[in-house]
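Going by the numbering used here, the sequence shown opens with residue 1209, and the numbers climb by one from there.
Just so it is clear, CB atoms sit at the ideal spot from N, CA and C, and this is done for glycine as well.
Everything numeric in this text was worked out from a predicted model, so none of it was measured.
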Amino acid sequence: MAINSVKEDELLESHSRKVTLIRLFRYLLAYKKKIIFVLLIMFCCVTITLVNPLIIERAIDVYIKQKDRIGLLRLGAFAAGINIILVILIKTRMYIMAEVSNKVLLTIREELYTHIQTLSFQFFDSRPTGKILARIIGDVNSLKEVLSNSVTTLIPDFITISSVVLIMFIKNWRLAIAALSSLPFMIIGVFIIQRKAHVKWQIFRKKGSNVNAFVHEDISGMYIIQSFGAEEETQETFEELLTEHKNSFMAAVKYADAFGPIVDFCWGIGTLMLYYVGVKMIGADKVPVGTLIAFGTYISMFWRPVLNLSNFYNQLITNVAGAERIFEIMDTKADITDEKDVATLPEIKGEVEFQNVSFEYDANSKVLNDVSFKVKPGETIALVGPTGAGKSTIVNLISRFYDIQKGRITVDGYDVKKITIESLRQQMGIMTQDNFLFSGTIKENIKYGKLDATDEEVIQAAKAVNAHEFIMEMEKGYDTVLKERGAGLSVGQKQLLAFARTMVSNPKILILDEATSSIDTHTEILVQEGIEALLKNRTSFVIAHRLSTIQNADRIFVIDDGIIVEEGNATKLMAKKGFYYELYMAQFANIV
Ligand SMILES: Nc1ncnc2c1ncn2[C@@H]1O[C@H](COP(=O)(O)OP(=O)(O)OP(=O)(O)O)[C@@H](O)[C@H]1O
């Protein structure tokens, strides 16, 4: 399922359409009472519609024939009355079904969202965010009509069709056969088309997903696009994807549009046959004019629901592809989950141990190879090494964002696989280079580290990491509303806020991927002091880029190609004149 490009179509396992539909319609069971009520309404509607032709027949063959004006007026009043009721019933039905289908969509969306939150990094590594959004929003929306029409079209139209056929055969079986003679052609036509259409709609959804992913990536990376003047290239890619999307739609709709004409054609042939046989039989087999006219109405009453059903079927084929995509995510197993009956990690001191840990993201490409180390509570470890060496991988494993293939990782002696993920991560503070800030106030963003933190705790945390000063300079202080991702704040300010957020959570183990971006000297000093405050009194792993952090660390792990090649404090490693020395000379010698 690795689909890491916006242009690449997602791979979908083929599912049984029947299973997908049953699963989808099962959501309606939660609204049984409302649906039964709607079906009762539909039953009344069908009855009224079926009675209408009988009224016409009676009007012509009895009242008009006998010139009974009063009788005709009474019949007219009765017809008007039941048809007003029909309108009211239809409105009520539409309202209830809109409510039910929207509630089902809400449930599906909630389930999908909750499930996505449980999925591991591996899932998010494998697909662009835009494609996930396309499923939560677009694909779920596409089910609305299907859900609603399944109740309002499927069942009532079947009832109408069966009743009409029954009435027609009771009234005159020869006329009935004539009227329905074109039905087999329609069944064959629809069967052939639907097979092709389904595949085309699947492709259409995938192409839509590509457009969505591209737009999402494009907008997120607008800064880079504009700074490299790459607008034209991205515009071209966008147009390319749009064209593919449009073409896939045209290919699908070509089949879908054939449904209507096939039904219309068969309807026409049926009507022709009815009147041909009917007119031939008038006189010979004594078919009254009223009956023939009533049959004319019945034939529309037969073919209209058939048209509705074929439209619904078309809609089903169009949108079942959306349902397949939703269920595929729901069926993706959360691979990093709590094992059965695991314990809650008690309050820890912060000892971390790796015992012969080997790890690979993808089969056969080992990233960590037999790594072992033990870190005492309160120690600060700086991880250094060339790019791609495995530094981030080591820290991601401590928080159990991935599971290792070999060895054991323990925290205070507890195997991280044998404790709940929540109790482990609650005692850890993780700060990546992307100091992600949410839209909301500064206070809310800091409280994200500890949801029940008091205002006093928030201020204390901000003060400890040097963030208080710049926050107070802002117009509304801690109540200043931040834009999405903290737009409007400087890089250094974002870092300080992220520090405050971690500080307030007071983790026993801190993981810090130090940012490399250059900031002005004043902020740099604030940030350095902030880091020092953060590191105090907790076990810390820092993917270190600042010389000061490296030199102040209790120990430095030099990582290369998935193994710890050197370990010790800065003085010891410099004296050793090995890997660290080389790295230091290459990176920092000209700074000091
Ligand atoms: N999600 C992933 N899926 C597959 N391979 C990955 C993934 N993340 C990292 N890798 C690979 O694992 C290796 C180690 O990556 P890692 O990010 O741990 O290195 P690093 O030392 O932190 O590098 P840097 O200093 O550049 O951040 C690299 O070869 C990288 O390509």
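In the DSSP assignment, R1763 is bridged to I1589. Per DSSP, R1633 lies in no beta strand (DSSP E) segment; the continuous alpha helix (DSSP H) that holds it begins and ends at 1629-1633. A1238 sits in a helix when the DSSP states are folded into three classes.
Here DSSP, grouped into helix, strand and coil, assigns I1612 to coil. In the assembly as shown, I1345 is an exposed residue. Its beta-carbon has fewer than 16 other beta-carbons within 10 Å. For F1562, same chain residues with a beta-carbon under 6 Å away, outside a window of 5 residues either side, are V1579, S1580, F1581, I1617 in chain order. If you check the CB distance, V1398 and F1467 come in under 8 Å.
Cβ contact annotation for I1401 (same chain, cutoff 7 Å, sequence separation greater than five): Y1463, A1466, F1467, in chain order. When C-beta atoms of the segment 1746-1759 are compared with those of the segment 1587-1607, three or more pairs fall below 8 Å, so the two segments count as touching. DSSP, read as helix, strand or coil, puts D1623 in strand. In this structure, K1574 has its CB at a distance of at least 7 Å from all heavy atoms of ligand 1.
The Cβ-Cβ distance between S1607 and I1638 falls below 8 Å. For K1574, the enclosing beta strand (DSSP E) begins and ends at 1574-1583.
For F1646, no alpha helix (DSSP H) run applies, since DSSP gives it neither H nor E. Separation of K1454 and Q1443 (C-alpha to C-alpha, rounded to the nearest whole angstrom) is 16 Å.
If you check the CB distance, R1746 and L1718 come in under 8 Å.
Counting along the chain, the unbroken beta strand (DSSP E) around L1720 starts and ends at 1717-1721. Looking only at A1306, I1264, D1269, I1296, the smallest Cα-Cα distance to A1287 is reached by I1264. Shown here for V1461: not one same chain residue has a beta carbon closer than 7 Å to its own, the five before and five after excluded. In this chain, the beta strand (DSSP E) harbouring G1637 covers 1636-1639. Beyond the five residues adjoining it in sequence on each side, A1669 comes within less than 7 Å, by CB distance, of I1654, A1708, M1711, V1712 in the same chain, given in chain order. Shown here, D1642 sits in coil according to DSSP, grouped into three states, outside any helix or strand. For A1529, the CB stays at least 7 Å from every heavy atom of ligand 1.
Across the set Q1634, Q1325, L1450, I1340, the C-alpha of Q1634 shows the shortest separation from the C-alpha of Y1656. The segment 1729-1749 and the segment 1661-1679 touch, with three or more beta-carbon pairs separated by less than 8 Å.
Scanning its chain for C-beta atoms nearer than 6 Å, with the 5 sequence neighbours on each side dropped, one finds around T1649 the residues D1687, V1689, in chain order.
Between L1280 and A1531, the C-beta gap is not smaller than 8 Å, which leaves the two residues out of contact.
Annotated three-state conformation of D1472 is helix, per DSSP.
For F1436, the three-state secondary structure derived from DSSP is coil. Taken in chain order, the unbroken stretches of alpha helix (DSSP H) that lie wholly in the segment 1309-1371 and span 4 residues or more are 1329-1333, 1337-1342, 1352-1357. Within the same chain, Cβ atoms closer than 7 Å to the Cβ of F1393 are found at C1474, the five residues on either side in sequence being excluded. Q1274 sits in coil when the DSSP states are folded into three classes, being neither helix nor strand. Every residue whose Cβ sits closer than 5 Å to any heavy atom of ligand 1 is listed here in chain order: D1333, Y1569, V1575, T1595, G1596, A1597, G1598, K1599, S1600, T1601.
Considering only E1448, S1456, Q1703, L1388, the residue with the shortest C-alpha distance to I1411 is S1456. For T1747, the uninterrupted beta strand (DSSP E) segment begins and ends at 1747-1751. Following the DSSP letters along the chain, one finds N1418 inside the alpha helix (DSSP H) bounded by residues 1391-1428.
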